[in-house]
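Below you'll find the structure, written out as structure tokens, and then a few comments.
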Amino acid sequence: MGVIDEVKQRTDIVEVISQYASLKKAGRTFRALCPFHSEKHPSFFVYPEQQSWHCFGACNTGGDAFSFVMKKEGIDFGEALRLLAQKAGVTVPSRFEPEAGKEERERLYQVNQAAAQYFHNLLLNSPLAEKARDYFTRRGLSPKTITDFQLGFSPNSWGALEQYLLERGYTGSELLTMGLVIEAEGGKTHDRFRNKLMFPIADVRGRIVGFGARVFDDSQPKYLNSPQTLVFDKSSCLYGINLAAAAIRQQNLAVIVEGYMDVITAHQNGFTNVVASMGTSVTEKQISILKRLTRGMIFALDADAAGEEATLRAVGYENTLEAEVRVIVLPEGKDPDDVIKEDAKIWQNLLEEALPIVDYTFNMVTSGLDLNTANGKSLAVDKLLPILAEMKDTIRRVHYLQKLARLVKVSQRDIEVALGRIKPGRGKRWAKQPDREPAAQAPHPLMSSPVEEYCLALLLQHPELRSRDEGLSPEYFESSENREILTAWQRAKGLSSLKDRLDSAIWEHLDSLITRSLPANQIEQKYTNCVLRLREKLLRSLEVKKAEVLALEAELGGTAAELAKLEEQGIEVSVQLGEVFTQKSRGRQEPRR
Ligand SMILES: [Zn+2]
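Residue numbers (the numbering used here): -14 to 578.
Pasting the structure below:
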């Protein structure tokens, strides 16, 4: 995942816009007086589900979080990206030196490697590490496992690691950059990790990118990680991936657990295709790392959180992976570490009986319902249909549609009709329970736009399309970075000058479009179709948004009569809206109900 996607994933448009406008929740949307034009009656709407905004009043325009910030702050895409990145805690490569940092990065891996070696040696040899050795022995780890995972111990000292690394020629600023030392008040520095068990975290190539640290006792916080650095980003790390990659490829299966100790115990017991997610939810980045090794994945879910996790994430994982994801649910109160230690056979059985995540979700949802009652049926459909709507794979969607129809004993046709009523646009998102408030800190779903990207790839790779005027406009694209590329392409003469017109943060995305493999024939026709699809997509999504707004207006403002009249006159929805908002802004007396 590129830096742009990452910023998107961590940015909530509602949060961003609420810094500029006072948003009020209205149904599934938020509304406000438009921050771009003057009005008395709010015609500006934010759609959390699509992570987009639209002004139906004088502006009659919309976009995503980037375009909002660009318009509001009067800045370009690169500046908006950096502004949002900063808020989201994402590092964006400098605009002027995209290639910079390669050598620097190599040095940083080396610093980490040296630190890992230092912690590891202490664990093996130092009298100070007695307690740490006891801990690992108590947890049943063999000397080989301790070596394989390069486990370590950080002494209870403020400067031991710093001194050790400085003596080996690393600079103070390198140690700071890697978060191995912390700068305190007055510029004094000290070691970050003190008196902890150390778990070096490696990337798939075995380079140490950061550290996880754990206390010995019950003191808090129990875990301490390296901060986000140039080479460490928790959301793109999988603990144990360096040791598991070969087995994952060989067995064509990855098992994803939560904790360091779960991975370590699994490996020691011969389950070497196990990695940990570094947090509760698996990110899209992590899936794409695994995707290079296998399409087979099993998630080990906590008994407590399993249901919700599966319901929320089921389809998101599958759409990213483009394959079926399976789950196992751990016995209440136990993690894989416990299960495997108790009896490796139980773990083996769990894996063998892993259920496809969508089937598991079906079971979870229906287990508490009486599917013979109308109420039970309707609840089951309400909860499961949105999940089906998200599925990109048609065959799989139909399969589960049939399953749902059988379960609730309703004709497949009726279920299809209900499915059709779920608004378009939802399909791009991770599954979400409709009545659930979005979790405050959860990363945002990634909204990739396959048609937009396909269309751009065609344009970029086939200069002959330049002369065709299909009326493609940047407005057709929902993603600001795609708008940027199209605008630059329309102005640039060729690919080389195109890059100069774009912020370096977009280059990675641009390169992926330029190198994407495309069908070889009927390019012109494909391009025409593509533009048509984009136009249709735009119009549809606008219609849906408008319909929603009209419904709200009717409900809130008592303008039903007005609306009905306009509709009767056959006036187009957008015009209807424009009239409604203009009238309201003029402060015209509203007709009484
Ligand atoms: Zn406006």
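Just so you know, even glycine gets a beta-carbon here, dropped at the ideal spot from N, CA and C.
message: Please report the distance separating the alpha-carbon of Ser3 from that of His252.
response: Numbered from 1 along the sequence shown, position 18 holds the residue referred to as residue 3. Numbered from 1 along the sequence shown, position 267 holds the residue referred to as residue 252. Using only the alpha carbons, I get a separation of about 47 Å.
query: Are the segment 108 to 116 and the segment 130 to 138 touching, with three or more C-beta to C-beta distances below 8 Å?
result: yes
message: Measuring only from the beta carbon, is Gly405 closer than 7 Å to any heavy atom that is part of ligand 1?
response: Taking the sequence shown and counting its residues from 1, one reaches residue 405 at position 420. Not so, every heavy atom of ligand 1 lies at least 7 Å from the Cβ.
message: Using 8 Å as the threshold, is the C-beta distance between Asp49 and Ser464 below it?
response: Counting from one through the sequence shown, the residue named residue 49 turns up at place 64. Counting from one through the sequence shown, the residue named residue 464 turns up at place 479. Yes; because the gap between Cβ atoms is below 8 Å, this pair is in contact.
- request: Measure the Cβ-Cβ separation of Glu309 and Ala288 and say whether it is below 8 Å.
  value: As a working mapping, residue 309 is identified with position 324 in the sequence shown. As a working mapping, residue 288 is identified with position 303 in the sequence shown. Contact annotation: Glu309 and Ala288 have beta-carbon atoms that are not nearer than 8 Å.
- prompt: In three-state terms, what does DSSP make of Gly137?
  reply: Within the sequence shown, residue 137 is the residue found at index 152, counting from 1. Correct three-state label for Gly137: strand.
query: For the segment 28 to 67, which segments carrying the beta strand (DSSP E) assignment without a break, of at least 3 residues, lie completely within its bounds, in sequence order?
result: 29 to 32, 37 to 40 and 46 to 48
task: Name, in chain order, the residues that DSSP records as bridge partners for Leu286.
output: Counting from one through the sequence shown, the residue named residue 286 turns up at place 301. Note: Leu286 sits in a beta bridge opposite Val314.
field: Rounded distance between the beta-carbons of Ile342 and Ala299, thought under 8 Å
entry: Residue 299 sits at position 314 when you count from the first residue of the sequence shown. Residue 342 sits at position 357 when you count from the first residue of the sequence shown. By a beta-carbon distance limit of 8 Å, Ala299 contacts Ile342. Their separation comes to about 5 Å.
field: Sub-8 Å separation of Ile372 and Thr346 beta-carbons
entry: The count along the sequence shown starts at 1 and reaches residue 372 at position 387. The count along the sequence shown starts at 1 and reaches residue 346 at position 361. Yes, these two residues count as a Cβ contact at 8 Å.
message: Classify Glu(-9): buried if its beta carbon has 16 or more other beta carbons within 10 angstroms, exposed otherwise.
response: Translated into positions along the sequence shown, residue -9 becomes position 6. The residue is buried, with at least 16 neighbouring Cβ atoms inside 10 Å.
query: In its own chain, which residues sit with a C-beta less than 6 Å from the C-beta of Ser211, not counting the 5 before and 5 after it?
result: Taking the sequence shown and counting its residues from 1, the one referred to as residue 211 is at position 226. Counting only Cβ-Cβ distances below 6 Å, and skipping sequence neighbours, we find Gly164, Gly195, Phe196 and Phe217.
message: To the nearest angstrom, how far is the alpha carbon of Phe256 from that of Pro128?
response: Along the sequence shown, read from residue 1 onward, the residue named residue 256 stands at position 271. Along the sequence shown, read from residue 1 onward, the residue named residue 128 stands at position 143. Roughly 17 Å separates the two Cα atoms.
message: Given this structure, state the Cα-to-Cα distance separating Ala490 from Ser482, to the nearest angstrom.
response: Indexing the sequence shown from 1 puts residue 490 at position 505. Indexing the sequence shown from 1 puts residue 482 at position 497. Those two C-alpha atoms are separated by around 16 Å.
task: Using only the heavy atoms of ligand 1, determine whether one of them is closer than 7 Å to the beta carbon of Phe53.
output: On the sequence shown, position 68 is the one that residue 53 refers to. No - ligand 1 has no heavy atom lying nearer than 7 Å to the Cβ of Phe53.
query: Per DSSP, which one or two residues make a beta bridge with Gly191?
result: Mapped onto the sequence shown, residue 191 falls at position 206. DSSP output for Gly191 lists no bridge partner at all.
message: Quick check on DSSP: helix, strand or coil for Gly144?
response: By one-based count along the sequence shown, residue 144 stands at place 159. Gly144: coil per DSSP, three-state reduction.
task: Return yes when the C-beta of Lys29 is under 7 Å from any heavy atom of ligand 1, and no when it is not.
output: Residue mapping note: residue 29 aligns to position 44 of the sequence shown, counting from 1. A small fix is needed here, since residue 29 is Phe in this sequence, not Lys. Answer for Phe29: yes, Cβ within range of ligand 1.
message: Spatial neighbours of Arg179 within its chain, please: C-beta separation below 8 Å, excluding the five flanking residues on both sides.
response: Within the sequence shown, residue 179 is the residue found at index 194, counting from 1. Closer than 8 Å at Cβ, skipping near neighbours: Ser139, Pro140, Asn141, Ser142 and Trp143.
- prompt: Contact between the segment 146 to 154 and the segment 58 to 77: three or more CB pairs below 8 Å?
  reply: no
message: Please determine whether the Cβ atom of Gly42 lies at a distance below 7 Å from any heavy atom of ligand 1.
response: Locating residue 42 in the sequence shown gives position 57, where the first residue counts as 1. Correct: Gly42 has its Cβ closer than 7 Å to ligand 1.
field: Local conformation of Ile580 per DSSP, three classes
entry: Given that the chain is displayed from residue -14 to residue 578, the structure contains no residue 580 and the question cannot be resolved.
- prompt: Where does Thr(-4) land, buried or exposed, given buried means 16+ other C-beta within 10 angstroms?
  reply: Stepping through the sequence shown from its first residue, residue -4 is reached at position 11. Thr(-4) comes out buried.
task: May I ask you to report which of helix, strand or coil DSSP gives Leu579?
output: Any question about residue 579 goes unanswered here, given that the chain covers just -14 to 578.
message: Taking 7 Å as the cut-off, is the C-beta of Cys19 nearer than that to any heavy atom in ligand 1?
response: As a first step, residue 19 is located in the sequence shown; it is residue number 34 there, counting from the start. Yes - ligand 1 has a heavy atom lying nearer than 7 Å to the Cβ of Cys19.
message: Applying the 10 Å Cβ sphere with the 16-neighbour rule, what's the burial state of Phe201?
response: Position 216 of the sequence shown, counted from the start, is the residue given in the question as residue 201. Exposed, by the Cβ-count rule.
query: Three or more beta-carbon pairs under 8 Å between the segment 527 to 539 and the segment 468 to 476, yes or no?
result: no
- prompt: Taking Thr46 as the reference, which of His26, Arg67, Phe21 and Ala65 has the closest Cα?
  reply: Against the sequence shown, residue 46 aligns to sequence position 61. It is Phe21.
query: What are the residues that DSSP puts in a beta bridge with Pro185?
result: As a first step, residue 185 must be located in the sequence shown, where it is residue number 200. Per DSSP, the beta-bridge partners of Pro185 are Phe196.
- request: Tell me, please, whether the segment 220 to 240 touches the segment 270 to 279 by the rule of three or more beta-carbon pairs shorter than 8 Å.
  value: yes
task: Using only the heavy atoms of ligand 1, determine whether one of them is closer than 7 Å to the beta carbon of His22.
output: Indexing the sequence shown from 1 puts residue 22 at position 37. Checking the Cβ of His22 against ligand 1 gives yes.
- prompt: Helix, strand or coil: which one does DSSP assign to Thr14?
  reply: Here residue 14 refers to the residue found at position 29 of the sequence shown. Reduced to three states, the DSSP call for Thr14 is strand.
- prompt: How many angstroms separate the CA atom of Val516 from the CA atom of Ala230?
  reply: The residue you call residue 516 lines up with position 531 of the sequence shown. The residue you call residue 230 lines up with position 245 of the sequence shown. Straight-line Cα distance between these residues: approximately 41 Å.
field: Unbroken alpha helix (DSSP H) run spanning His22, endpoints
entry: Here residue 22 refers to the residue found at position 37 of the sequence shown. No alpha helix (DSSP H) holds His22; DSSP gives it neither H nor E.
- prompt: What residue range is occupied by the uninterrupted alpha helix (DSSP H) comprising Glu159?
  reply: Residue mapping note: residue 159 aligns to position 174 of the sequence shown, counting from 1. Its alpha helix (DSSP H) spans residues Gly157 to Thr162.
- prompt: From Met349 to Gly281, what distance separates their C-alpha atoms?
  reply: For the purposes of this step, residue 349 is taken as the residue at position 364 of the sequence shown. For the purposes of this step, residue 281 is taken as the residue at position 296 of the sequence shown. Cα-Cα distance, rounded: 22 Å.
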